[in-house]
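Undergrad: I have a structure here, written as structure tokens, and I will follow up with some questions on it.
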Amino acid sequence: MYLIYIQRARSRRLTAHITKTGKGGFTLIEMLIVMTLIGILAGIAVPLYQNSVTKSREAVLKEDIYQLREAIDKHYADNGAYPESLRELSNKKYIRSVPVDPFTNSDETWIEIPVEGDPGVYDVKSGSRLVGTNGVAYSEW
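Residue numbering for the sequence shown follows the working numbering, starting at 82 and increasing by one per position.
So, in structure tokens, the structure goes:
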């Protein structure tokens with residue numbers, strides 16, 4: 082206990098001469114330096130975080146499109162025709178449910194591409210108008 086008291090007394094002496102009361106504490110300059118460092122670190126971390134979130138959404142989109150295309154192909158192989166909609170894939174248990182587009186946050190925005198002369202869904206693309214990190218619009222993936 083005596084050792085702790087000595088350490089506290091030493092730390093008070095470092096800044097005690099600056100304050101009029103003689104009590105230890107942080108000066109305004111010290112606080113400004115710490116706040117500046119925190120601001121710089123936050124300025125670096127936030128863009129990196131946002132970029133990683135975008136890349137993870139892109140990975141989810143790629144996987145969802147792949148799974149939907151696989152389900153369309155399986156439906157065609159089993160039935161000899163393409164499904165009329167993505168909901169049909171869900172109703173016939175080729176997929177559990179229509180996935181939510183990670184960029185539009187909706188399962189209703191998928192672009193269903195039909196075959197000429199056939200009402201069925203041949204391909205599917207994202208309904209997002211945004212552009213990916215590779216420079217290609219998500220609706221073109």
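Cβ atoms here follow ideal geometry from the backbone N, Cα and C, with glycine treated the same way. Please read these numbers as outputs of a predicted model, since none were measured by experiment.
#1: Looking only at its chain, what residues have a beta carbon closer than 6 Å to the beta carbon of D204, apart from the 5 residues adjacent to it on each side?
#2: Going by Cα to Cα distance, which pick from R177, N132 and L122 is closest to Q148?
#3: By how many angstroms is the C-alpha of D182 removed from the C-alpha of S220?
#4: Just the C-alpha distance for A187 and E111, rounded to the nearest angstrom, thanks.
#5: So, is I192 buried or exposed, given that buried needs 16 or more other C-beta atoms within 10 angstroms?
#6: For T190 and I125, what's the separation of their Cα atoms in angstroms?
TA: To lay it out plainly:
#1: I194
#2: R177
#3: 11 Å
#4: The residue asked about is misnamed: residue 187 is Ser in this sequence, not Ala. Straight-line Cα distance between these residues: approximately 49 Å.
#5: exposed
#6: 34 Å
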